[in-house]
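Its first residue numbered 17, the sequence shown is counted upward by one per residue in our numbering.
Here a beta-carbon is modelled for each residue, glycine too, at the ideal position from N, C-alpha and C.
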Amino acid sequence: MTESLLLHPPLPVDVKQRRYWNAPHGSALALAIAASARAHAGVVVAVARDTHAAHTLEGDLRAFVAGAAGADAIEVLHFPDWETLPYDLFPPHPEIVSQRIAALYRLPTTRRGVLIVPASTLMQRLAPRSFIGGSSLVLALKQTLDLASEQRRLEAAGYRNVPQVLEPGDFAVRGALLDVFPMGALEPYRIELFDREIESIRTFDPETQRSAHKVDQVNLLPAREFPLTEESTKAFRNTLRERFPIDPRHCPVYQDIKEGTTPAGIEYYLPLFFDHTETLFDYLGDESVFVLADGALDSTEAFWQQAQTRYDSRAHDIERPIVPVAELYLSPQELRERLNRTLRVEIVAKGTNPHAVDLGTQPAPMLPLNQRGEEPARELKRFVDAYPGRVLIAADSAGRREALIDQLGAAGLLPTTIASWQEFAGLKPSPSRSGGEGPARRALDPRGAAQEQKHPLTPSLFPDGAGGEGEKSGRDVLPRFCITVAALDDGFALTAPALTVLTDRQLYGERARITRRRARAAREPEAILRDLSELTIGAPIVHADHGVGRYQGLLKLDVGGSPHNKGDPGEFLCIEYAKGDKLYVPVAQLHLVSRYAGAVPELALGGDAWEKAKRKAAQKVRDVAAELLALYAQREARHGNAIAYDRALYEQFAASFPFEETPDQLRAIEAVIDDLASGKAMDRVVCGDVGFGKTEVALRAAFVAASAGKQVALLAPTTLLAQQHYRNFADRLADWPVRIEVISRFKSKKEVDAALKKLAEGQIDVMIGTHRLLQPDIKFKDLGLVIVDEEQRFGVRQKEALKKLRAEVDLLTLTATPIPRTLNMAMSGLRDLSIIATPPSHRLAVKTFVAPWDSATIREAFQRELARGGQVYFLHNEVDTIEKTARELGELVPDARVRVAHGQMPERELEQVMLDFYRQRFNVLVCTTIIESGIDVPSANTILINRADRFGLSQLHQLRGRVGRSHHRAYAYLIVPDRRMITADAEKRLDAIASLEELGAGFTLATHDLEIRGAGELLGEEQSGQIEAVGFNLYNELLERAVKALKSGKVPDFDLVNEHDAEIELHIPALIPDDYLPDVHARLTLYKRIASARDAHGLRELQIEMIDRFGLLPDAIKHLFIAAGLKLAATALGMKKLELGERGGRILFKPQPNIDPLRVIGLIQKQPKVYSLDGQDKLKIRLELPGAAERIGTAQALLTALGGRLSE
């Protein structure tokens, strides 16, 4: 039989010859395009039907060209759509703009590669090639660079001058450092100058801001697809005035450009920046060949019609004139004419064109792995045994590949692991390892024993006459049955050579939704809580000694005249109180200052109201602390239940996780397993946003408990979520003899009774259910671990039942936004806390809007999402009117396929609707909060929440987390009535969630919630009054102190509520200079971190970080760190204050310092002219100390002499 045309697809030889291909099956189209690119001396342009198809094709193509090198290497470029509607007032996401500019820059010099473009994007008119090429710049080592002029050049190129570089198009200048995230780059760069010469260029992590590896040069592309220089913006304004009858004073676009800001939607004015525009056809050489997907040209007609309709509805706005559609896009007719002048292939449905050639593909057979059957891989084994050709399993990730190898090995199938498609196809021979070479699989006995299980070898795997020796490719033998990592969308088969590619769709019925995560620095709970970076002028702030006032900024003051010293300038934080009184807090004392939310009490400076509030809170805290400690003591006293588990067996289970664990996910897993093995009752809260990997933490814990013979209960707030957990646990534990069951409304009474009987007899290892599991008739044989998902959604009675369980079993709580009570207990150290704050890579923060109901806004939100092939949630939480709302939305957006989901539907019907939505069988789901904890739908990236003012903060955050699970920008619309009709607390909640768009913000939102509505019922006692009075941080500090005292057997002494760290005053400049770090918020955060450092190691790490991020430390910052180190030593010695100036100084001691009196006497005896006591608590120092070096040296010597331990 002749070889399939797929591997050598026919291409046109001139523009007169048009080729037609019958649409290949599955991901075979990408393989045909890769083969065309390999054979063709030019760029192959793959024109996709829409954005979704373009992304799918890109993923498939990258899998087929991965591993190719040298002459076989093929460059894959994607020119994405802006993902906005024509004439939209939303800017495209910077990462999309970055990808587009990178593609435009590289296209003219690409000799061999593939360009993927959605059909509507091919219609766009673009900046001329001269702009993209002429506006780019290479910066290299040893090059001379003037930072001031480079800053102006970057701003003119569209880069944003920001305090901290996070995304493409950002830059920051600090001293002799330039941080920049070039468009088209995968990571940002830090450029360090010596004088005016570039001394080093390093990449750095945008999350941690720490440097990574060195490079020789960096390529800076323009940050916009249009120029923003002074000349170009002037020309733009002139053109705008000439073209449209505007009054410049009332035209927002004109005014914004004049003032140097970039107006929203400026992309749709692009033609006004240039004398002429070009299209992608101009960027491509004549030798480029266009491959048009089936339906691509039809989609251009629909897009043109949509653009015209939107133009017609906006063209009459004289204050915001818009450019005609024909100046922004090629018409469908013009597009066809341009395509007629190119080498062109059209893909058509089979049987629709007599001239079409068949590429010789077939659909891949469905060979489901029945994970709970006696022979899980029976269908696959039969197929492999009988198939005359070669078979490749394409796994989405390395973890999934390893899990499959284990699963198949147990069924006697031993695929050979290979590096890539290139190797499988014989294009890149390399040594491969057999899946059967690893250690023998160990079967898990549910009572804890591990036993060896040998793989039965299958001699018939390569039947006679079917290439049992493998097929020859030159000198190399190609194995017949292989497995590799290749994220293909769907499988396919070739007729000649006989070859089948299988993916998750064939083995599991649907493709695994794999999301990779990017590493992100761990954030400690206290650091998040006490972060001052959100402060704005006028924001409420609390000082531990003086109460709640309003932040008025950082100021430099010359405090002047002490008897020992002339004034030295220092930086102070200004807090304004009632009657205009102001308090200036030295930056070294910022550990006394924290954020405050809630109603701001009108406190005068110097009154006793604050002292009374603080004392009252402190007294209340004592009772709460005692009750908390009684519970804590019960837990601590429970010994002897340490879970012993087989580490090797656990590692084998962990290896089957189909993702790469993030650092903080690993920390959470390790903490949970350490807790289980410790023998003390675990009570740990794992806080992480929706989709950040909490379920895997629960799975690992359940595995460890089950492997030690303990039973596990998992409580979910809804039936739907319980079913989802059951599916996840059953899939993940399918290869292990862990018996899993679920009880829910989906089960009959007979099934539930049978399950409960098995549970009581110890025949079920993991039981999953709703609060039904807490009822008295549920009996476990040996319950060891309870996992609670989303505790905040359980009622008071269920929480009381959980509270009783705490002292008896290990408890693991999973939550996205912990309820204030949970958070309060966690922050007071009575429940351990792990935070997972690492988002999946390429996941963009959710753009959040608060808006009134408006048909035009809702229609636009729907159209924007549907245009990119996505799906929409519309949350309407009233079952009585939900069907009517769904009908109205269907009429508003006729293209939408709308269905309804709510909790009063029959269970089976509800589950089917949710599965159909997941499988993209319709694109708009009108639903109630039933989706709050539900199936992950990565293609749903817009959510509209009707009457958002009626929801709590954690609920809004959880609902918003249903979207934004892919590489697309996600949108959340919080629809509210007139602002005058909603409560003050509702307004605060909406403001909090709209302001916190960053990923992993759930923990921060919980602290806002805590202060907006108080901690609520903490162990049955109403505490919100105290928390509101003194602020959460101070309340928490008092509670911590009370717990510590009671733990050590002492009575909490609340006369010490005002006890603080020692104050160090050396009268030398100790601050972060403006020219070193101009951003006030960044300075404020660093001051707070320095002042709050608890040990010398923390200070050292902070110094290293600052040098890396901002450059070498000037003397003023060195002094700041030295003073912080001295403060740690002085506090440990029990000093209240250490002050040194030009003519000496003094030390003030607390009533019972930790100093041997003999040391003080020794100092005085040795140098009576220098040292003398002044009363019981003061040591006077008379010494000439003219400069900083002398004062620092003296302070260090003094503290050492008195027994202090100084940091190096």
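ask   = Leu-77: which of Glu-294, Ser-436 and Leu-775 sits nearest, CA to CA?
value = Restricting attention to Glu-294, Ser-436 and Leu-775, the CA atom closest to the CA of Leu-77 is found in Ser-436.
request  = Over the uninterrupted beta strand (DSSP E) stretch that includes Tyr-1187, give me the two end residues.
outcome  = 1187 to 1189 is the span of the beta strand (DSSP E), which, as asked, contains Tyr-1187.
request  = Starting from Pro-222, follow its DSSP beta bridges and name the residues at the other end.
outcome  = Pro-222 pairs with nothing; no bridge assigned.
ask   = How would you call Gly-490, buried or exposed, if buried means at least 16 neighbouring beta carbons within 10 angstroms?
value = Note that Gly-490 has pLDDT 39, beneath the 50 cutoff, so the model's placement of it is unreliable and no number is given.
Spatially closest choice to Tyr-987 from Ser-970, Arg-880, Gly-906 and Asp-1077, by CA coordinates = Comparing Cα positions, the closest option is Arg-880.
ask   = Is Glu-777 closer than 8 Å to Lys-797 when the C-beta atoms are compared?
value = Yes, the pair counts as a contact, with Cβ atoms nearer than the cut-off.
query = Thinking just about the alpha-carbon of each residue, which of Arg-326, Gly-554, Lys-630 and Arg-788 is nearest to the one in Tyr-593?
reply = In terms of CA proximity to Tyr-593, Gly-554 leads the group Arg-326, Gly-554, Lys-630 and Arg-788.
ask   = Would DSSP call Glu-948 helix, strand or coil?
value = DSSP places Glu-948 in coil when its eight states are reduced to three.
key: For Trp-98, the residue or residues it bridges with in DSSP   = Looking at the DSSP output, Trp-98 shares a beta bridge with no other residue.
task = Compare the Cα-Cα distances from Phe-673 to each of His-24, Asn-235 and Leu-715 and report the closest residue.
result = Of His-24, Asn-235 and Leu-715, the residue nearest in Cα terms is Leu-715.
CA-to-CA distance, Leu-237 to Thr-278, given in whole angstroms = C-alpha separation (whole angstroms): 18 Å.
inquiry  = In whole angstroms, give me the CA-to-CA distance for Arg-463 and Ala-721.
reply    = Confidence is the limiting factor: at Arg-463 the pLDDT is only 29, short of 50, which leaves the residue's position unreliable, though a coordinate-based value still follows. Approximately 10 Å between the Cα atoms of the pair.
query = According to DSSP, what are the bridge partners of Asp-826?
reply = Answer is Leu-801, bridged to Asp-826.
ask   = Since Lys-1194 is in the beta strand (DSSP E), which residue starts that stretch and which ends it?
value = Run containing Lys-1194: 1194 to 1197, per the beta strand (DSSP E) assignment.
query = What does Trp-37 pair with, by DSSP beta-bridge criteria?
reply = In DSSP, Trp-37 forms a bridge with Ile-363 and Val-373.
ask   = Taking Cβ to Cβ, would you say Val-979 is nearer than 8 Å to Asn-957?
value = At the C-beta level, Val-979 and Asn-957 come within 8 Å of one another.
query = Which residue comes first and which comes last in the beta strand (DSSP E) that contains Ala-318?
reply = In the DSSP annotation of this structure, Ala-318 is not part of any beta strand (DSSP E); the continuous alpha helix (DSSP H) holding it starts and ends at 312 to 330.
query = Which of the three DSSP states, helix, strand or coil, is assigned to Tyr-612?
reply = Tyr-612 falls in the coil class under three-state DSSP.
message = Please report the distance separating the alpha-carbon of Ile-756 from that of Ala-729.
response = If you take the alpha carbons of Ile-756 and Ala-729, they lie about 10 Å apart.
query = Could you give the distance in angstroms between the alpha-carbon of Ala-503 and the alpha-carbon of Ala-411?
reply = Rounded to the nearest angstrom, the two C-alpha atoms are 6 Å apart.
query = By Cβ distance, which residues of its chain are closer than 8 Å to Ile-1197, with the 5 residues on each side in sequence left out?
reply = Excluding residues within five positions, the ones whose Cβ falls inside 8 Å are Leu-1156, Gly-1160, Gly-1161, Arg-1162, Ile-1163, Val-1186, Tyr-1187, Thr-1210 and Leu-1214.
query = So what's Val-269 in DSSP terms, helix, strand or just coil?
reply = Here Val-269 sits in helix by DSSP.
task = Note the first and the last residue of the continuous alpha helix (DSSP H) segment covering Ser-248.
result = 246 to 259 is the span of the alpha helix (DSSP H), which, as asked, contains Ser-248.
query = Considering only residues of the same chain and omitting the five flanking positions on each side of Ile-784, which have a CB-CB separation below 6 Å?
reply = Hits under 6 Å: Leu-730, Ala-738, His-741, Tyr-742 and Val-758.
message = Can you tell me whether Gln-140 is helix, strand or coil according to DSSP?
response = The answer is strand: DSSP assigns Gln-140 an E or B state.
Extent of the continuous alpha helix (DSSP H) to which Ser-694 belongs = Start and end: 679 to 694.
query = With contact counted as at least three CB pairs below 8 Å, one residue from each stretch, are the segment 351 to 371 and the segment 307 to 322 in contact?
reply = Yes: the two stretches touch, three or more of their Cβ pairs being nearer than 8 Å.
ask   = Would the beta-carbon of Val-825 fall within 8 Å of that of Gly-800?
value = Yes; because the gap between Cβ atoms is below 8 Å, this pair is in contact.
query = Looking at Ala-70 and Ile-132, is the spacing between their C-beta atoms short of 8 Å?
reply = A contact, by the Cβ cut-off of 8 Å.
For Gly-1114, the residue or residues it bridges with in DSSP = The partner list for Gly-1114 (beta bridge, DSSP) is empty, contrary to what the question assumes.
request  = Measure from the alpha carbon of Ser-955 to the alpha carbon of each residue in Pro-261, Gly-885 and Ser-248, then state which is nearest.
outcome  = Of all alpha-carbon atoms in Pro-261, Gly-885 and Ser-248, the one lying nearest the alpha-carbon of Ser-955 is that of Gly-885.
inquiry  = Tell me the rounded alpha-carbon separation between Ile-1171 and Phe-1165.
reply    = Each residue's alpha carbon lies about 10 Å from the other.
ask   = With 16 as the cutoff for other CB atoms within 10 Å, does Arg-357 come out buried or exposed?
value = The residue in question, Arg-357, is exposed, as its Cβ has fewer than 16 Cβ neighbours within 10 Å.
query = Residues bridged to Pro-134 by DSSP?
reply = Ala-64, per the DSSP bridge assignment.
message = Once DSSP output is grouped into helix, strand and coil, what is the label at Asp-699?
response = DSSP places Asp-699 in strand when its eight states are reduced to three.
query = Touching or not, the segment 138 to 151 and the segment 223 to 234, by the rule of three or more beta carbon pairs under 8 Å?
reply = Taking a cut-off of 8 Å for Cβ pairs, the segment 138 to 151 and the segment 223 to 234 do not touch, as fewer than three such pairs fall below it.
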